[in-house]
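Mapped onto our numbering, the consecutive letters of the sequence shown carry residue numbers -7 to 131. Heads up, the beta-carbon is just placed ideally off N, CA and C, and yes, glycines get one too. To start, the structure under review is shown below, and the notes come after it.
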Amino acid sequence: KQFPYSAEAGTGNVPGAVGLAKAVHFLNRHTIPVLQSHCKSLVAECMNRLEGITDCYISPKDATSIYPFTVKGVHSSDVATILGAQNICVRSGKLCAEPYIDSISDSGGIVRASFGIYNTVKDVEVFADAVRTIHRKHS
């Protein structure tokens, strides 16, 4: 081989190529509207289960795949830390949108849960139960 090809180290990213092929195959079997509808239904389920416990910062008609919220009486970073200890990953704080978050929340930040095509209603149940427990114990 000619330089610079003779200086390449390692092997090709075979797992990455296989993963990409599987993802493309999955997306070819499902339409984008079906995938969007799935995510939207999970957020709607989350909204129903946590009504009255959280302040949600999105309307049902505008819901996509995220559930931005605060737990009444509990700081957003505390909510994220407690959920993280239960292997429930969320983001918290200003979320790179400080002026907007300051305009909608007085508590110094919000928590954002994100749902994807790989999540199920059972995931929403586990998440909602964990948030209810946080509300019961800490607010």
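What residue range does the beta strand (DSSP E) around residue i cover?
i, result
"Gly11", "Careful: Gly11 lies outside any beta strand (DSSP E), inside the alpha helix (DSSP H) at 6 to 21."
"Val63", "58 to 63"
Which stretch, first to last residue, makes up the alpha helix (DSSP H) that contains residue i?
i, result
"Gly76", "68 to 76"
"Val35", "24 to 42"
Between residue i and residue j, which are expected to be in contact by the criterion C-beta below 8 Å, what is the C-beta distance as a whole number of angstroms?
i, j, result
"Cys81", "Phe61", "Incorrect: roughly 15 Å between the Cβ atoms, too far for contact."
Out of the options, point me to the one whose CA is closest to residue i's CA.
i, options, result
"Asn5", "Ser68, Ala13, Val63", "Ala13"
"Gly85", "Asn79, Ser97, Ala77", "Ser97"
"Pro52", "Gly65, His127, Glu37", "Glu37"
"Arg104", "Thr125, Val113, Ala89, Thr112", "Ala89"
Do the CB positions of residue i and residue j come within less than 9 Å of each other?
i, j, result
"Phe119", "Leu75", "yes"
"Gly101", "Ser68", "yes"
"His22", "Asp70", "no"
"Val113", "Leu42", "no"
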